[in-house]
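Engineer: Take a look at the following structure, please.
2 protein chains.
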Amino acid sequence: MTQIMATEAQAARTRYRAGAVEPTAGIAPGMVQANTIALPRDWAYDFLLYAQRNPKPCPVLDVTDPGSFSTVLAEGADLRRDIPLYRIWRDGQLAEEVTDASPFYAERDDLVTFLIGCSFSFESALMEAGIEVRHIVDGSNVPMFRTSRQCRPAGRLKGEMVVSMRPIPASRVAEAATISARLPAVHGAPVHVGAPEELGIRDLGAPDFGDPVRIEPGEIPVFWACGVTPQAAVMASRVPFAITHAPGYMFITDVPDSTYRI
Amino acid sequence: MTQIMATEAQAARTRYRAGAVEPTAGIAPGMVQANTIALPRDWAYDFLLYAQRNPKPCPVLDVTDPGSFSTVLAEGADLRRDIPLYRIWRDGQLAEEVTDASPFYAERDDLVTFLIGCSFSFESALMEAGIEVRHIVDGSNVPMFRTSRQCRPAGRLKGEMVVSMRPIPASRVAEAATISARLPAVHGAPVHVGAPEELGIRDLGAPDFGDPVRIEPGEIPVFWACGVTPQAAVMASRVPFAITHAPGYMFITDVPDSTYRI
């Protein structure tokens, strides 16, 4: 690295580029982490439109030019190698997980990579306000659920909204909603508070992705739109080829969370 | 119209469809008005990306499917006819102004129409807070200026940012910034406060679009990103064909301003 002053974010990306694998929760605290999805140029418009039509699950932070692996959100980063764990998708199916996506980026010269906001940013803000984030306290992954709520389709892309759930004490639900609302670029306000059955969720103890968490008496399950929603669209729409991060293994940017605060 | 309860917004669109021409400032107060630009499908990705990369001047509220003239923001509306005044652009030049764009929409079957937030929404919020909006009080059009600040390019699209200016008493500048910041879908917080020369603006009395306004002693010129920016990109990028609204003659939606408040 040519930079003299390596920030924690840059140091983490360097570790991942060298092959380290770890979930990124808690790494480089206060810096925006991003969901990623790379698609052939032919699919880029449909995806960008899908994101515009579904901004809560798919808040776009940056889009690369076709064939480019760099982003304005992190100078010197290589999107092919600086994420700890990638998923390779073929015809809407998860094909494999890899730590270096370079060989897969090399399959096509027209891939466009989208960087999408991540809930880690508003979780920091919740904790700053003294609101406990259960899965962080318990050292587990956030529970995520497919829902019966369909996203607004765009071109060939369709799919259900995926939500993440955090139990919040009833007395602090309003504050949690307000705090996250001020960060619309990282999913914003909750999409649903309580009543999981109305989202088609039958068992809060059996998430579709991530781990279940304790819900204490007096706590309400609060649901936020989730950045795994694009992966659900890849599956539902049988996208021929895509490269994404693995859930929980995000791209760490050089941009502070506060940049996106309204 | 099949609807029994015609709102003021719907009534205005019906008048414009029948041929009425008037600036839309003050019409259907409290309802979101939108800048519009229709482009061939081949240019749609570049434009959507340009908007993503320049969200303050180009906050996208809706995008039609190619060849469609309807929007989720106003049921039953016809984007070809429900705007009081349109501009037709050829090779980056303004070709003509018309009250019915149907013949021009008929030239191609793949036009994609973008609806973009408009400052009228935050002007309502400023006035609700008792902050005078000078050009409204004086019954003139808002002064708009080209700047020396280039937007971030996207594909074939480039161009300078256009700003609108409102003089605000020094004691209320912070409040004006905060109030508009909470409406990121309609340009959000100011991009610049005072010091017009740093934007390349030499004479506040000679706007590039709209009318000059009085600046009283103790007032600071406050600059917001402006929805005319896409028209500047059409010109700077020599876009082969585009249909836009005429500045000040907006598309009136059925969506209340409060929908976009954070």
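Residue numbers (our numbering), protein chains in the order written: chain U, 1 to 262; chain H, 1 to 262. In this text, a Cβ means the ideal position worked out from N, Cα and C, and glycines have one as well.
#1: Starting from the beta carbon of TYR45 (chain U), find every residue of chain H whose beta carbon is closer than 8 Å, and list them in chain order.
#2: I'd like the list of long-range same chain contacts for LEU157 (chain U), defined as Cβ closer than 7 Å, with 5 residues on each side in sequence excluded.
#3: Expressed to the nearest angstrom, what Euclidean distance is found between the alpha-carbon atoms of PHE145 (chain U) and THR229 (chain U)?
#4: If you draw a straight line from the alpha carbon of THR36 (chain U) to that of ARG202 (chain H), how long is it in whole angstroms?
#5: Which residue marks the beginning of the beta strand (DSSP E) containing VAL60 (chain H), and which one marks its end?
#6: How is the beta strand (DSSP E) around ILE116 (chain H) delimited, first residue to last?
#7: Answer yes or no: does any C-beta atom of chain U fall closer than 9 Å to that of VAL60 (chain H)?
#8: Using 9 Å as the limit for Cβ to Cβ distance, is VAL63 (chain H) near chain U?
#9: In chain order, what residues of the same chain lie with their CB nearer than 8 Å to the CB of PRO207 (chain U), ignoring the 5 residues before and after it?
#10: Do we get a CB-CB distance below 9 Å when we pair ALA181 (chain U) with the residues of chain H?
#11: Which one or two residues does DSSP pair with ILE35 (chain H) in a beta bridge?
#12: Would you check if there are 3 or more beta carbon pairs closer than 8 Å linking the region 98-113 of chain U to the region 66-77 of chain U?
#13: Any beta carbon from chain U within less than 9 Å of GLY264 (chain H)'s own beta carbon?
#14: Compute the distance between the beta-carbons of ARG80 (chain U) and SER102 (chain U), then report whether it is under 9 Å.
#15: Helix, strand or coil: how does DSSP classify GLY248 (chain H) here?
#16: Would you kindly check if the distance between the Cβ of LEU183 (chain H) and the Cβ of PHE122 (chain H) is under 9 Å?
#17: Classify ILE88 (chain H) as helix, strand or coil using the three-state DSSP reduction.
#18: Using beta-carbon positions only, say whether MET235 (chain U) and THR24 (chain U) come within less than 9 Å of one another.
#19: Taking only beta-carbon positions, decide if GLY117 (chain H) is within less than 9 Å of chain U.
#20: Distance, Cα to Cα, LEU39 (chain H) vs CYS58 (chain H)?
#21: Considering just the uninterrupted stretch of the beta strand (DSSP E) at ARG53 (chain H), what are its terminal residues?
#22: Can you give, in chain order, each stretch of the beta strand (DSSP E) that sits fully within the region 159-219 of chain U and has at least 3 residues?
#23: Rounded to whole angstroms, what's the CA-CA distance from HIS263 (chain U) to GLU132 (chain U)? Just pull it up for me.
#24: Can you tell which of U:ILE220, U:GLY155, U:PRO169, U:THR147 has the C-alpha that lies nearest to the C-alpha of CYS226 (chain U)?
#25: Please confirm whether GLN52 (chain U) has its beta-carbon closer than 9 Å to some beta-carbon of chain H.
#26: Name the one or two DSSP bridge partners that GLN10 (chain U) has.
#27: For ILE243 (chain H), does the three-state DSSP call read helix, strand or coil?
#28: Report all residues from its chain with a CB closer than 6 Å to the CB of ASP254 (chain H); omit the five preceding and five following residues, and keep chain order.
#29: State the Cα-Cα distance for the pair HIS192 (chain U) and TRP224 (chain U), rounded to the nearest angstrom.
#30: TYR16 (chain U) by DSSP, collapsed to three states: which one?
#31: So the candidates are H:ALA44, H:TYR105, H:GLY155, H:LEU126; which of them puts its Cα closest to the Cα of GLY155 (chain U)?
#32: Buried or exposed: where does ALA195 (chain U) fall if 16 or more other Cβ atoms within 10 Å of its Cβ makes it buried?
#33: Taking the straight line between their C-alpha atoms, what separation do you get for THR71 (chain U) and ARG15 (chain H)?
#34: Report the three-state DSSP secondary structure of ASP254 (chain H) (helix, strand or coil).
#35: So, are the CB atoms of GLY218 (chain U) and ARG149 (chain U) less than 9 Å apart?
Structural biologist: Quick look at the numbers:
#1: Near TYR45 (chain U) (Cβ distances below 8 Å), the residues of chain H are ALA44, TYR45, LEU48.
#2: If the five residues before and after LEU157 (chain U) are omitted, its C-beta is found closer than 7 Å to the C-beta atoms of ASP46, PHE47, TYR50, ALA233, SER237, all from its own chain and listed in chain order.
#3: Distance between the alpha carbons of PHE145 (chain U) and THR229 (chain U) is about 10 Å.
#4: Cα-Cα distance, rounded: 43 Å.
#5: From DSSP, the beta strand (DSSP E) with VAL60 (chain H) extends over 60-63.
#6: 111-117 is the extent of the beta strand (DSSP E) around ILE116 (chain H).
#7: The beta carbon of VAL60 (chain H) falls within 9 Å of a beta carbon belonging to chain U, placing the residue at that interface.
#8: By this cut-off, VAL63 (chain H) is an interface position.
#9: Correct list, in chain order: PRO143, MET144, PHE145, MET165.
#10: Taking 9 Å as the threshold, the shortest C-beta distance from ALA181 (chain U) to chain H falls below it.
#11: Here residue 35 (chain H) is Asn; the residue named in the question, Ile, does not match the sequence. Looking at the DSSP assignment, ASN35 (chain H) forms a beta bridge with H:ILE116.
#12: Counting Cβ pairs under 8 Å, three or more are found: they touch.
#13: Shown here, chain H extends from 1 to 262; a query on residue 264 (chain H) therefore has no answer.
#14: Yes; because the gap between Cβ atoms is below 9 Å, this pair is in contact.
#15: It is coil, neither helix nor strand.
#16: Taking 9 Å as the Cβ cut-off, PHE122 (chain H) and LEU183 (chain H) qualify as a contacting pair.
#17: In the structure shown, ILE88 (chain H) sits in a strand (DSSP, three-state: E or B).
#18: In this structure, THR24 (chain U) does not lie closer than 9 Å to MET235 (chain U) by Cβ.
#19: Closer than 9 Å: no.
#20: Distance between the alpha carbons of LEU39 (chain H) and CYS58 (chain H) is about 15 Å.
#21: In this chain, ARG53 (chain H) is not harboured by any beta strand (DSSP E); it is covered by the alpha helix (DSSP H) spanning 41-53.
#22: Runs of the beta strand (DSSP E) inside the region 159-219 of chain U: 160-169.
#23: Here chain U covers residues 1 to 262 and nothing more, so residue 263 (chain U) does not appear.
#24: Looking at the Cα atoms, U:THR147 is the closest of the given residues.
#25: It does; some Cβ of chain H falls within 9 Å.
#26: Looking at the DSSP assignment, GLN10 (chain U) forms no beta bridge with any residue, so it has no partner.
#27: ILE243 (chain H) carries a strand assignment under DSSP once its states are collapsed to helix, strand and coil.
#28: ALA9, ALA74, listed in sequence order.
#29: Rounded to whole angstroms, the gap between the alpha carbons of HIS192 (chain U) and TRP224 (chain U) is 7 Å.
#30: In this structure, TYR16 (chain U) counts as helix in the three-state DSSP scheme.
#31: Measuring from the Cα of GLY155 (chain U), the nearest candidate turns out to be H:ALA44.
#32: Per the 10 Å Cβ criterion, exposed.
#33: For THR71 (chain U) and ARG15 (chain H), the distance between alpha carbons rounds to 47 Å.
#34: Looking at ASP254 (chain H) - three-state DSSP - the assignment turns out to be strand.
#35: No. Outside cutoff.
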